[in-house]
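Novice: To start, I am sharing the structure in question, which I have written as C-alpha cells.
Protein chains: 2
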Amino acid sequence: MTRNTQVPADLTAPPITTLLARFVARHPSRGWSEAVEREAHRTFYNWLGCAIGAAQHEAADAAVAAVQLLQPAPQASVLGRREQVDMASAALVNGITSHTFDFDDTHLKTIIHPAGPVASAVLALAEHRGSSGREVLDALVLGIDVACRIGNVMYPDHYDRGWHITGSTGMLGAAAGCARLLGLDEAQTAMAIGIAASQPVGLREQFGTMTKPFHPGGAARAGLMSALLASQGFTASPRALEAPRGFVQVASDKRAWNEATDELGERFEISFNTYKPFACGIVIHPSIDACVQLRGQGVTPDQVKHIELRVHSLVLELTGKKAPKDGLQGKFSVYHGCAVGLIHGRAGEEEFSDAVVTDPRVVALRDKVQAAVDDSIAEAAVHVTAVLLDGRRVEVRVEDAIGSLRNPLSDAQLEAKFQALVVPVLGEAKARDITAACASLASLPDVRALTALCRPQ
Amino acid sequence: MTRNTQVPADLTAPPITTLLARFVARHPSRGWSEAVEREAHRTFYNWLGCAIGAAQHEAADAAVAAVQLLQPAPQASVLGRREQVDMASAALVNGITSHTFDFDDTHLKTIIHPAGPVASAVLALAEHRGSSGREVLDALVLGIDVACRIGNVMYPDHYDRGWHITGSTGMLGAAAGCARLLGLDEAQTAMAIGIAASQPVGLREQFGTMTKPFHPGGAARAGLMSALLASQGFTASPRALEAPRGFVQVASDKRAWNEATDELGERFEISFNTYKPFACGIVIHPSIDACVQLRGQGVTPDQVKHIELRVHSLVLELTGKKAPKDGLQGKFSVYHGCAVGLIHGRAGEEEFSDAVVTDPRVVALRDKVQAAVDDSIAEAAVHVTAVLLDGRRVEVRVEDAIGSLRNPLSDAQLEAKFQALVVPVLGEAKARDITAACASLASLPDVRALTALCRPQ
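Structure below.
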C-alpha cells in the first residue's frame, strides 16, 4: 500500500511523446506479421462480444440514459442496443459495456484491458466516418501499442499507487488510434496524445462499482475528443508524457523510458494480449479449466464422490467462498467454479447468474469440492483429483490455464465465448453474421456494415 | 521538483465523500452571510467577463470546431459567440475561454481558479433546464466549497507533484454544483462526486499551451457528466475521495482531512476568492498598481525622466524581460507593466496585445523604467519612485497590491475589468445589460434571460 520509492524529477527523459506520435502517424498500414494481424482480429472480436453481451446491464441503462440527456445526434451505435448517439458518447458507453462483465482482454504484462478504451473510441469514430475495416485494425494495433507501452513504462508503480491502469493509459491509446484514423500528421498526433495526457481516468477504489467499467469508457471518450481537438488546431505540450511535470513523472515513480520505444514497429504489444475463457478473476481459472477437462474425459457429476483440489494459498484467500449466495459471490468461489466447469463445461457470465449459483445440482456438486493449500503449486496452476463413487481416481494437473499467454484460447473457443455473450442479446443469426464480418474485417469497405448488425431488429 | 515526503496509506480517513455530499444536498439555499453572497456574485461576474472576453481566441475557435463535429443539440450557449451546443460541450468550451487569458479568479490558499470548472458546468446545465439565478448561486457557492476544500486537503503537495490543481479538483466542484442544481439527494450526490473523483484533469507541463485552459473546461465537462450519470443511477465508491486507493491518497501525500469539513457550512471558501486586475502573472501586480497610482497623482509620461523600482528578486527572475517583442513576452516584463500602468491606467488583455507592446510611446516609457533588487521588500510589495524632468520625486509604496485578499478589487474596478473584456466582443449595450442581470442574479427567474444577452446579435 506504500509507494516503492521516491524519486526526483528526471530532466533527461527522451522525447517519447513525439517519437510515439511519429510512429502512429507514419507506420505503414498492416506493417506487421500475420501473427500480429491475427491477434488484432481476435482482440476486436473478443471486445465486441463483451460489449454486446453487457448491453442490457443496468450500468449500460444508466449510462445511455445520461448521454440521452445531451440529445445526441445519431452518429454511432451503442453496440447491442437500438440507440445511436454522438460518437463521443458511443465511445463512452461501449467502453463501459465492454468492461462491465470483467470478461474482456488482458495485456498480462501490465494487466491493462487495452481494447476497452482503444476499440471503443476507434469504432465509434470509424462508424461516423464510414471508415474501412483495414483502417480500424491499423488504428487498433497502433493505439494499443501506445497505451500498453506507456503501461510498460510505469507498471507496477503506477498501478500500486491506486490508478486503474486501463483507464489511466487508455486515453493515450484512444487518442493515438483516433489520430491515426483521422489521418493526422505527426505533429497533430503529438498534440492529440498530449491533450489526452492531461485526462487519466481511473481509481482502483472504484472496483465493485459501475465506475470501474466507466474507466475504459471515459478514457475512450477522452482520447477521441483529444484527437478531434488536435484535428482542429488545439495545442498541448509536445513533451506532455515525459516532462518533469508531464503525465508519466506525475503519475509514476517507475519511468522505464526505453519501454516506450524499444523495438518500436517490430514488437507489437497486442501480441501479448489474452482473452478470458471464464467470467471471473484469473486466480480460479486453472481449477475451472481442470474441471472442464475432467468433463471432457467423461467424468459426470453423478459419478463423483468428491473432488480434491490442491491450490496455492492465494486461491483460497481470494476465492475461498464455500457457500456463495448469488452470482456475484459465485465469482469469488473456487468451489462454484469447479461445479459449473464439470456440469456445464464452461463458466461464462451465465454460469455466474443467481439462478445457476443457487441451482440445486450445482450446489450439491459444489459441496463435494474440497480444497487444500499446497504452496508447491504455482498461483497459476492446480492439481485436481476426482474421486468417483466406484473408487476410481481421475487426476488433472494444469500448469498453464486456458486463456493464458502459453495456452491461449483457440479461435473456436473464442467463438464459443462470443456466442454465449451475443446470442442472448442479438440472436443466433446476427451472432453468426457478426462473426463472419469480424473474420473478414480487414477487407470490409465500410464498418457501418458491421455496426448495423450489432443493433437488435 | 521532488515530493515532500513518502507516506503510507491512511486506513483511518474520515468519510469525507459522504460528509461533503450531505452538505451539498442539504445545506439551505442562501444559507450564508451577506459577504459570502456578495462574493458569489463577484465570482460569477468576473468569470463571465473572462469567458466572454476570450470568446474569439483561437483556442475557442478550435474547441468549438471540435465539439461541432459531434453535431450537438443547441442546449446551451457558448458565451460571447453565436453557437449553441449540448450542455456538456458548453461546459467544456466556456471553461476553456474563462481561463484562456489567465485573468480569472484565484483562491489564494490553493491557487485554484475555482469558477472555471464550477460556474462553466453549472451555468450550462442551468441554461438547459431554465433554472433560476438563485439556484445557480447556490450551486456555485457549494461547488466551489467542495473543490477548494479538497484543494486545502492536498495543497501544496498535490500541486508540487505537477497536477494543475484547478482541473484536478474542479471536477469535484463541478459535480457537486451540478448535483445541487439537479436536486440530487445526498446518496446520489455522493455518487456524483465519486464518479468525478476518477477524472482529474490537468498537468502543469501544459502551461503555455491551449491545454492549460482545457483543464478547467475538461473538469467542468467531467463534473457535469458525473452528476448526470448519478441522476440516472450510475454508481461509484462512496469513499472515492478518502479510501487508500481513492483520489486524495492516490494524488497527494498531504492529506489534511480536517480541511474537508472544518466549519463546514459556516466558513465558505468562496470568501477567499480574488480577482486579478491585470492580465498577467501576480508578481508584477504591485508594480503596475503603483504606476497606476502615480498616474492618479497626476504624473504623466512626458514629465518622466525615469522610474525607479525596488522589488524582490523574484520579480526580476520571473518578469525581468527588458525589451519584450510581442504581447506574450509583455506578460513577462515588469518594465512593460509599469509603462502601460502609467500611460493607460490599466493592464488588461488589450494592454498585452502585440500592438500595445510595440507602441513607440510605450517602448519609450518602458526604456525609462529601472529596477533594483531589494529583498527587504516582500514579493507582494514594491517601492516606486518617479523622477521627473523638473527634478521632483514622486514616491509610491505598495504593500498589498490591488486584487489581493487584503486589498480586493472594488465593485467599480471589477465592472471596469468586465467592460474592458466584454465591450470589444458584445458591445456597450450588452455589456451594460449583462452587468445589470448579474447584479440581480439572485432574483432572476430563469438564467436564459442572461445567457441570451451573452450571444452576439
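Protein chains in written order, with numbering that gives the first Met the number 0: chain L, 0 to 456; chain Y, 0 to 456. Quick reminder that beta carbons are idealized off the backbone N, C-alpha and C, glycines included. Nothing here was measured: the structure is a model prediction, and the numbers come from that model.
1) Flag this pair as touching only if the segment 328-343 of chain Y and the segment 248-258 of chain Y have three or more C-beta atom pairs under 8 Å; answer yes or no.
2) With a threshold of 8 Å, are at least 3 pairs of Cβ atoms found where one atom belongs to the segment 99-119 of chain L and the other to the segment 170-183 of chain L?
3) Can you name the residues of chain Y whose CB is closer than 8 Å to the CB of TRP162(L)?
4) Which chain Y residues sit within Cβ distance under 9 Å of MET86(L)?
5) Is it the case that the Cβ atoms of LEU484(Y) and LEU404(Y) are separated by a distance below 8 Å?
6) Do LEU228(L) and ALA61(Y) come within 8 Å of each other at the CB atom, strictly closer than that value?
7) Using DSSP with H/G/I as helix, E/B as strand and the rest coil, what is GLU427(Y)?
8) List, in chain order, every chain Y residue whose beta-carbon is nearer than 7 Å to that of GLY245(L).
9) Label THR168(Y) either buried or exposed according to how many other C-beta atoms from any shown protein chain fall within 10 Å of its C-beta, with 16 as the threshold for buried.
10) Quick one: is GLY232(Y) near chain L, going by C-beta distance under 8 Å?
11) Can you tell me where the alpha helix (DSSP H) with GLU36(L) in it begins and where it stops?
12) For a contact meaning CB atoms closer than 8 Å, what does GLY193(L) contact in chain Y?
13) Apart from the five residues on each side of it in sequence, which residues of its chain come closer than 8 Å, Cβ to Cβ, to SER270(L)?
14) Give the secondary structure of VAL145(L) by DSSP, where H, G and I count as helix, E and B as strand, and everything else as coil.
15) To test your reading of the DSSP string, which unbroken alpha helix (DSSP H) runs of 4 or more residues are found completely within the segment 168-234 of chain Y?
16) Considering only C-alpha positions, which residue in the set VAL6(L), THR357(L) and GLU185(L) is nearest to ALA20(L)?
17) Could you check whether ASP101(Y) and ASN272(Y) sit closer than 8 Å to each other, using their CB atoms as the reference points?
18) So, do the segment 151-168 of chain Y and the segment 124-133 of chain Y have three or more beta carbon pairs nearer to each other than 8 Å?
19) Any residues in the segment 166-189 of chain Y with a beta carbon nearer than 8 Å to a beta carbon of chain L? Which ones, in chain order?
20) Relative to the C-alpha of ALA380(Y), which candidate in ALA58(Y), ALA289(Y), LEU387(Y) and GLY344(Y) has its C-alpha closest?
21) In angstroms, rounded to a whole number, what distance separates the CA positions of VAL383(L) and GLY426(L)?
22) Taking VAL386(Y) as the reference, which of ALA430(Y), THR434(Y), LYS304(Y) and ASP156(Y) has the closest Cα?
23) Would you kindly work out how many angstroms separate the C-alpha atoms of GLY280(L) and GLU378(Y), rounded to a whole number?
24) Mark PHE233(L) as exposed unless 16 or more other C-beta atoms lie within 10 angstroms of its C-beta, in which case mark it buried.
25) Are any of the Cβ atoms in chain Y nearer than 8 Å to that of ALA235(L)?
26) Tell me which residues share the same chain as ILE283(Y) and place their Cβ nearer than 6 Å to its Cβ, disregarding the 5 neighbours each side in the sequence.
27) Answer yes or no: do ALA189(Y) and THR16(Y) have a C-beta to C-beta separation smaller than 8 Å?
28) Which word fits PRO73(Y), buried or exposed, when buried means at least 16 other C-beta atoms lie within 10 angstroms of its C-beta?
29) Name the residue from GLY222(Y), ALA435(Y), VAL424(Y) and LEU202(Y) whose alpha carbon lies nearest to the alpha carbon of ALA191(Y).
30) I want to know whether the segment 70-86 of chain L touches the segment 42-55 of chain L - three or more CB-CB distances under 8 Å.
31) So, is GLY245(L) buried or exposed, given that buried needs 16 or more other C-beta atoms within 10 angstroms?
32) Per DSSP, GLN369(Y) is paired with what?
33) Closest to PHE43(Y) by C-alpha separation, out of PRO444(Y), GLY201(Y) and ALA438(Y), would be which residue?
34) Considering only DSSP beta bridges, list what ASP104(L) is partnered with.
35) Flag GLY217(Y) as yes if its beta-carbon sits less than 8 Å from any beta-carbon of chain L, otherwise no.
36) Which residues mark the beginning and the end of the beta strand (DSSP E) in which VAL314(L) is found?
Specialist: Let me lay it out:
1) no
2) These segments touch.
3) VAL249
4) LEU68 and LEU69
5) Look at the range of chain Y in this structure, 0 to 456, and you will see that residue 484(Y) is not part of it.
6) It is a contact, given that the beta carbons lie within the stated cut-off.
7) helix
8) LEU202 and GLU204
9) buried
10) Taking CB atoms only, GLY232(Y) has a neighbour in chain L less than 8 Å away.
11) 33-52
12) GLN205, THR208 and THR210
13) ALA34, VAL35 and GLU38
14) helix
15) 185-196 and 210-230
16) Of the listed residues, the one whose Cα sits closest to ALA20(L) is GLU185(L).
17) no
18) no
19) For chain L, the residues of the segment 166-189 of chain Y that bring a beta carbon within less than 8 Å of one of its beta carbons are GLY166, in chain order.
20) ALA289(Y)
21) 36 Å
22) LYS304(Y)
23) 57 Å
24) buried
25) yes
26) THR318, VAL333 and GLY336
27) Yes, these two residues count as a Cβ contact at 8 Å.
28) exposed
29) GLY222(Y)
30) yes
31) buried
32) GLU307(Y)
33) ALA438(Y)
34) TYR274(L)
35) yes
36) Counting along the chain, VAL314(L) falls outside any beta strand (DSSP E), though it belongs to the alpha helix (DSSP H) covering 312-318.
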